[in-house]
Amino acid sequence: MARKTKDEAEKTRDAILDAAERIFHAHGVSRTSLEEIAADAGVTRGAVYWHFKDKAALCEAMVERVFLPHEDMLEKLAAQPSAEPLKDLQKACLHSLSMMAKDKRRRNVVSILTLRCEYVEEMIGIMERRNQCKSRMLFLSEKLFTHARKLKMLAPQWTPRKAAVALQALMSGLISGGLEKRAHFNFVPMGTSCVEAFFKSLRAR
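End of the sequence shown sits at 204 in numbering that gives the first Met the number 0; the numbers just go up one at a time, nothing left out.
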């Protein structure tokens, strides 16, 4: 009986998170009430509060279910660097774009965070997580570019810091443009083509 109750609680929690993702994506975080999420999930308002203390906690739990693009890259970059740091970093970027194209949940959540969420005080925790993640990616990518320079693989016009900043700007722009469905912006093949051209400019002749 206890196992069944636990399983039911998990199903209810997942239903609430699925509903939050749908409603947040359709209407934005600030314009969505917990009552609307409860109705969409087919549960009571009390059930929502039993699992999540407020909207911010619900939003954070929704984010926890996916790897954000920067986090996805971090997983790849955290591995032991090989003798081909530029190739490793390019593969990590292409993998991140590919997963954005394939994974609807990831696209929805990233879209909510970048396009449909006002970072007022109650959402400060999510904003801090995003900023920490970006800072960590900048640090790791600069570390790989530094390794590439030591191996004489990085073109002389690029410093490791300049390359890291440019890469982050490129990836952020490609992802934002793809989520906004702007003309000529897509994760694949345009995103792939842009990343490949960027890394070609980085390589020493």
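No residue lacks a Cβ here, since even glycine has one placed at the ideal position from N, Cα and C.
Please determine, among the options, the residue with the shortest C-alpha to C-alpha distance to residue i.
i    : options                 : result
M136 : E35, S95, R204 and R104 : S95
C132 : S171, D87, M98 and L178 : S171
H26  : T158, R115 and D102     : R115
E70  : F144, M152, E34 and M98 : M98
L150 : E20, D39 and K86        : K86
D13  : R181, L57 and E35       : L57
R104 : P188, L178 and A55      : L178
K199 : A168, E63, G45 and W157 : W157
I22  : D102, I111 and F138     : I111
Are the CB atoms of residue i and residue j nearer to each other than 7 Å?
i    : j    : result
L201 : A154 : yes
M72  : A100 : no
P84  : L143 : yes
E205 : N107 : Because the chain spans 0 through 204 in this model, residue 205 falls outside it and cannot be assessed.
What does a CB cutoff of less than 7 Å around residue i pick up in its chain, not counting 5 residues either side in sequence?
i   : result
A60 : L16 and F51
T43 : A37
M0  : Bear in mind that a pLDDT of 43 at M0, under 50, signals an unreliable position, so the number given afterwards is only what the model happens to contain. Here the set comprises nothing.
L33 : R44, V47 and K54
I need the straight-line Cα distance from residue i to residue j, nearest angstrom please.
i    : j    : result
V65  : V194 : 23 Å
V205 : D6   : The shown model of the chain, from 0 to 204, leaves out residue 205, and the question about it has no answer.
K10  : P159 : 47 Å
A82  : N130 : 30 Å
I123 : R204 : 45 Å
M189 : A8   : 43 Å
S192 : S29  : 36 Å
R214 : W49  : The requested residue 214 does not occur in the structure, where the chain is confined to residues 0 to 204.
V62  : R128 : 10 Å
V134 : H24  : One point to set straight first is that residue 134 is Ser, not Val, in the sequence displayed. Using only the alpha carbons, I get a separation of about 26 Å.
E117 : L169 : 23 Å
L76  : T31  : 36 Å
A182 : D102 : 21 Å
F138 : T4   : 45 Å
K161 : V109 : 26 Å
Measure from the C-beta of residue i to each C-beta in chain B and report whether the shortest distance is under 7 Å.
i  : result
A8 : Looking at the structure shown, chain B is missing, and only one protein chain is on hand.
Leaving out five residues on either side along the sequence, give the residues of the same chain with a beta carbon under 8 Å from the beta carbon of residue i.
i    : result
L166 : L88, C92, S140 and F197
T113 : I174, S175 and L178
E121 : D53, K54 and A55
K180 : none
Sorted by chain position, which residues of the same chain lie with C-beta nearer than 6 Å to residue i's C-beta, five sequence neighbours on each side aside?
i    : result
F186 : L96, M99, A100 and G177
A18  : I36, D39 and A40
M152 : L85 and A203
F184 : G176 and G177
Kindly identify the DSSP beta-bridge partner or partners of residue i.
i    : result
L153 : R202
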